Every structure is written in C-alpha cells, then in structure tokens.
Amino acid sequence: MSTVTITAQDINKLRQATGAGMMDCRKALTETNGDFEAAIDWLRKQGQKVAAKRSDREAKEGVVVAQTTADNKSGIVVCVSCETDFVSKNEDFVAFVKSIADAAIANDIKTAEELNAAEIGGAKIADLVNDKLASIGEKIGITKFERVDAPYVAAYIHGAYRIGVLVGLNKEAAEVGKDIAMQVAALSPVAVDAASVPADVVAREKAVIMDIMKEDPKMAGKPEEMLAKIAEGKMAAFFKEQTLTAQAFVKDAGKSVADYLKESGDVTVTEFKRVALG
Numbered sequence: 000m001s002t003v004t005i006t007a008q009d010i011n012k013l014r015q016a017t018g019a020g021m022m023d024c025r026k027a028l029t030e031t032n033g034d035f036e037a038a039i040d041w042l043r044k045q046g047q048k049v050a051a052k053r054s055d056r057e058a059k060e061g062v063v064v065a066q067t068t069a070d071n072k073s074g075i076v077v078c079v080s081c082e083t084d085f086v087s088k089n090e091d092f093v094a095f096v097k098s099i100a101d102a103a104i105a106n107d108i109k110t111a112e113e114l115n116a117a118e119i120g121g122a123k124i125a126d127l128v129n130d131k132l133a134s135i136g137e138k139i140g141i142t143k144f145e146r147v148d149a150p151y152v153a154a155y156i157h158g159a160y161r162i163g164v165l166v167g168l169n170k171e172a173a174e175v176g177k178d179i180a181m182q183v184a185a186l187s188p189v190a191v192d193a194a195s196v197p198a199d200v201v202a203r204e205k206a207v208i209m210d211i212m213k214e215d216p217k218m219a220g221k222p223e224e225m226l227a228k229i230a231e232g233k234m235a236a237f238f239k240e241q242t243l244t245a246q247a248f249v250k251d252a253g254k255s256v257a258d259y260l261k262e263s264g265d266v267t268v269t270e271f272k273r274v275a276l277g
C-alpha cells in the first residue's frame, strides 16, 4: 500500500503527460508509491495488457496521411487504425497521426519497423501508440506504411483521411501529379501498365477467365485456339480497366491516362502507392 499522499495536482500532471484517464492515473501513482516515471511505465504496461485483450477486435476505422518532403523527392503514406469513426474523426487523433507522418519525413523512414522505432519528443512512436491505446481504450496501431522516391512525388489525401496516394513522376509536374493521384484514389488500378502487373495477379485472372469459359455452355466444343484468342481478349479488357495508363482519364473519359500524360509533356509515372482504410 502506498504511504505517499497522491494529490490532485500529481494526478493531473500524469494525465497531461500520458493522456490516460483520471482514475487510471490515480491507480498508477498509488501502485508505484508516487514515482512519476514508474507510474508512466505502469500505465504503459497496462496499455500492453489492453492491447492483448483487444487483439481479436477489428480496427477498420482510422486515419490515413500522405505527405512528401519539401523538395518532393520522397513521399510517405501511413495508416493508423482504430475501431470507431468517433475516434478517427477526433481532431486530437488526426493530429497524432499527422505527427507520426511528420516524424517519418523528418527521419527519412523507409519501413513500418523503422517508423515504430523512431522518436517524437524523446519517446518511441511504438510507445506513444501504446499510450494512446491506453488513453482511448480502443485497439489502435500503425497498420500500413508505404514510401515512394522519384524525381517528383505527389501526395493526395481523399475524403476524411480515408485514402492516401503517392505518385512518382519522371519530372516535376505538380498538376499532373495531383490529377494522377486522384485517378488512383478513385479507380484503384493494380499497376502502372500491363507490363508491371504482378505475375501472380495475371495468373489468377487468367485462371478465373478460363474457369468461367469452361462453365459457359456457349463455349462447349470450340477449338482450343479460339478459346485462347477469346481469353486473350478478356485479358486485354482486364488490363484496360485495371492498369493506370490504359484507364479512361477521370477528368476526360475521351482520352486515356497515357494520352493525358503524353499531352502534358511526356510525363511518365514511375510508381504509385494507394493506402485505404479497411
């Protein structure tokens, strides 16, 4: 039992430092005999217990922030998930995620692991996330992190921080970058062009097409060569719908994204990243 008198001022100080609830702060100080630093650790450990208890809960809400360096040579997009839109729409939580994005840029972060180990104000981000979990009472965490490096990187946030997009270009073209980022946010292409679609995605699509054709009575008895040509046509349609440069440009459906890029001074997209909640 603590022999130290725990004052309201002590509790408020710990509450301000950690964001934990008043009763939790009182208990932390009582359990640690008034030791402020030990109380912070106690709360952090309690947060870890909360995380374990909530591991089976889904965190489909959250905040996605996309941001570039001042010279637009690099960009990051990070998603910090939570359980409810009540939390994701909270200004303090949005500011918290923005501070993580700022730290990613400031520390030249390349992976989610590096981001968790980076510091804000002398505290590791992983610990700050854990503290936020303890104070909010929801399962939260850095669930997605992407980075793009290119001669020019554009960043775009769609909706209420629900989708973040990075687009790498071969040269500086701010307006083009914004347009392409909006295209990626809206239509979610699988790759820049047909050549860059992952082999496993192509194989899976071909398998689906062939299975559908085999089940179609109209295809029964057709020669293999004809079936192969039909499959090629369906794959061509897939590439047109699912690859960025082949898609119809959202601002002018009369041209493709490739047409728009060429008209804009032979701008090319080196890569893109799209991160969405869920």
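Using numbering that gives the first Met the number 0, the letters of the sequence shown correspond one by one to residues 0 to 277. No residue lacks a Cβ here, since even glycine has one placed at the ideal position from N, Cα and C. Since the structure is predicted, the reported quantities are computational estimates derived from the model, not experimental observations.
Can you tell me the Cβ-Cβ gap for residue i and residue j, rounded? I've got them flagged as a contact below 8 Å.
i, j, result
"C78", "V93", "That belief does not hold up - the Cβ atoms of C78 and V93 are roughly 13 Å apart, past 8 Å."
"V76", "V249", "Their Cβ separation, rounded to whole angstroms, is 20 Å, which puts V76 and V249 out of contact at 8 Å."
"I208", "K228", "Incorrect: roughly 12 Å between the Cβ atoms, too far for contact."
Please confirm whether residue i and residue j have their CB atoms less than 8 Å apart.
i, j, result
"G140", "S80", "yes"
"L165", "A154", "yes"
"S87", "E60", "yes"
"M212", "A230", "yes"
"A65", "I156", "yes"
"S255", "V175", "no"
"T267", "L260", "yes"
"E145", "K272", "yes"
"R203", "L276", "no"
"A302", "F238", "The requested residue 302 does not occur in the structure, where the chain is confined to residues 0 to 277."
Helix, strand or coil, according to DSSP, for residue i in the structure here?
i, result
"T6", "coil"
"T83", "coil"
"V189", "coil"
"G176", "helix"
"M0", "Bear in mind that the predicted position of M0 carries a pLDDT of just 46, short of 50, making it too unreliable to give a figure here."
"Q66", "strand"
"E262", "helix"
"E60", "strand"
"E30", "helix"
"R25", "helix"
"G121", "coil"
"E90", "helix"
"V147", "strand"
"A19", "coil"
"V274", "strand"
"K109", "coil"
Quick one: what's got a C-beta closer than 7 Å to residue i's C-beta in the same chain, skipping five residues either side?
i, result
"M0", "Residue placement at M0 cannot be trusted, given a pLDDT of 46 that sits under 50; what the coordinates show is reported in the next sentence. No residues qualify anywhere along the chain."
"T83", "E60 and E137"
"I10", "M21, C24, R25 and L28"
"K44", "none"
"A247", "S255"
"I104", "Q66, T68 and I75"
"V128", "I139, G140 and I141"
CB-CB under 6 Å to residue i, same chain, minus the five flanking residues each way: which ones, in chain order?
i, result
"G74", "T67, V147, V152, A154 and L165"
"A38", "L13, A27, L28 and T31"
Within a Cβ cutoff of 8 Å, which residues of the same chain sit near residue i, ignoring the five residues on either side of it in sequence?
i, result
"I124", "I99, A102, L114, N115, A116, A117, E118 and I141"
"D251", "Y259"
"W41", "A27, E30 and T31"
Does the beta carbon of residue i sit closer than 8 Å to a beta carbon anywhere in chain B?
i, result
"V63", "Within the model displayed, chain B is absent; a lone protein chain is all it includes."
Worksheet item: For the region 173-184 against the region 117-126, are there 3 or more C-beta pairs whose distance is under 8 Å?
Response: The region 173-184, when compared against the region 117-126, does not touch it at the 8 Å Cβ threshold.
Worksheet item: With contact counted as at least three CB pairs below 8 Å, one residue from each stretch, are the region 14-21 and the region 125-137 in contact?
Response: yes
Worksheet item: Quick check: the region 185-198 against the region 240-255, are there 3 or more CB pairs under 8 Å?
Response: Under the Cβ criterion (8 Å, minimum of three pairs), the region 185-198 counts as touching the region 240-255.
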